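Residue numbers (this note's numbering), protein chains in the order written: chain A, 1 to 136; chain B, 1001 to 1136.
2 protein chains.
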Amino acid sequence: MKIGELSRATGTNIETIRYYERIGLLPAPDRTAANYRSYGDAHRSRLSFVRHSRDLGFTIEEIRSLLDLSDDPARDCGEADRIATAHLEQVEAKIAQLTLLRDELERIVGRCRGGIAADCRVIEALGDHRHCENPH
Amino acid sequence: MKIGELSRATGTNIETIRYYERIGLLPAPDRTAANYRSYGDAHRSRLSFVRHSRDLGFTIEEIRSLLDLSDDPARDCGEADRIATAHLEQVEAKIAQLTLLRDELERIVGRCRGGIAADCRVIEALGDHRHCENPH
DNA sequence: TATGCACCCTGTAGCAACTACAGGGTCAAG
DNA sequence: CTTGACCCTGTAGTTGCTACAGGGTGCATA
């Protein structure tokens, strides 16, 4: 399969596939006589793994570790669980932070009554942290 | 006030202050005889505005628009409200997305019973989107 | 007077994770 | 034989900083 097909099969931008190869996340595939990349099923499932992990918010380095693990089926699986657990904690922390932020924005938004900027409570609130009720 | 003082007064990295000046977010201050930047209260409150807005997740370009508005007190304030409302909606969308993601990660994490990678359900789940219950 | 240290300056390069060209080659259909 | 879709490499841009390298300034202390 050529790069365009792999791109469609996995929903990945062509440039991104080449980027993953360049940084060593995907192995370099064979080439055709015309120097086109030629992929097989192993490439497709590896790329799916990468995309799915990226969609779940794992970093490239985390994915690299996860791929190393799955490349060596004899290794201890606990490491994969640790990476995923740590990532889950990060996501939870991010949600908590964004929730505080949302509450603060809700307080700020809608206080504007359509006057002129000099009287704007939105601008006033942005300029002065003391108007906030939460740390953020 | 020199840049180090402004840095401490606003909790902003010195390099970041110079960066904001370079991209035109902060006006270039006067210089001392030794070519040191010399800031006044107007700079400090403008920088506080920028920092606070960044903490609330506004982009540099959004902040640029908000600053333009506050620089011209006669202008219509509705624009500030529109920017803040749009931003709030983005934050809400991000929270919703991260929540789906968290649910998915929770399903994946903890399924590992400490075996070997070949049997790892974490790795299996990452490789196959069909194990997911949500879009993400 | 020397010298040490904290502070300041400019300019450039790095980070993550792509994305977007420019400038070229290949291949099948009409 | 040309058109159009596809592929190649290499480099530069994106956001919002952060981190040097290599130098200058200013003040207190030995």
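Glycine included, C-beta positions come from ideal geometry on N, C-alpha and C. Bear in mind the structure is a predicted one, so any value in this text is a computation, not a measurement.
Let me check understanding here. Comparing Cα to Cα, which of the options lies closest to residue i?
i, options, result
"residue 1037 of chain B", "B/1109, B/1083, B/1018 and B/1085", "B/1018"
"residue 127 of chain A", "B/1088, B/1054 and B/1100", "B/1054"
"residue 10 of chain A", "A/24, A/41 and A/101", "A/41"
"residue 12 of chain A", "A/79, A/109, A/105 and A/50", "A/50"
"residue 78 of chain A", "B/1062, B/1122, B/1130 and B/1002", "B/1122"
"residue 30 of chain A", "A/99, A/1, A/16 and A/129", "A/1"
"residue 98 of chain A", "B/1025, B/1057 and B/1006", "B/1057"
"residue 1084 of chain B", "B/1033, B/1028 and B/1067", "B/1067"
"residue 4 of chain A", "A/52, A/120 and A/39", "A/39"
Just reading off the alpha helix (DSSP H) that residue i is part of, what are its end residues?
i, result
"residue 21 of chain A", "14 to 22"
"residue 1071 of chain B", "1060 to 1071"
"residue 4 of chain A", "3 to 10"
"residue 42 of chain A", "41 to 55"
Taking the straight line between their C-alpha atoms, what separation do you get for residue i and residue j?
i, j, result
"residue 1074 of chain B", "residue 94 of chain A", "38 Å"
"residue 106 of chain A", "residue 1088 of chain B", "7 Å"
"residue 80 of chain A", "residue 1132 of chain B", "18 Å"
"residue 103 of chain A", "residue 1090 of chain B", "13 Å"
"residue 178 of chain A", "residue 1100 of chain B", "Outside the shown range of chain A (1 to 136) lies residue 178 of chain A, about which nothing can therefore be said."
"residue 1025 of chain B", "residue 124 of chain A", "18 Å"
"residue 1092 of chain B", "residue 1069 of chain B", "25 Å"
Give the residues of chain B in contact with residue i, contact being defined as C-beta atoms less than 7 Å apart.
i, result
"residue 57 of chain A", "1101"
"residue 9 of chain A", "Residues of chain B passing the Cβ test: none, with the nearest at roughly 12 Å."
"residue 84 of chain A", "1105, 1108, 1109 and 1122"
What three-state label does DSSP hand residue i in the structure shown?
i, result
"residue 1111 of chain B", "coil"
"residue 1128 of chain B", "coil"
"residue 1121 of chain B", "helix"
Find the residues of chain A that neighbour residue i, judging by a C-beta separation of less than 8 Å, and give them in chain order.
i, result
"residue 1092 of chain B", "102"
Would you mind telling me which residues of chain B sit closer than 8 Å to residue i, beta carbon to beta carbon, in chain order?
i, result
"residue 127 of chain A", "1045, 1048, 1049, 1052 and 1070"
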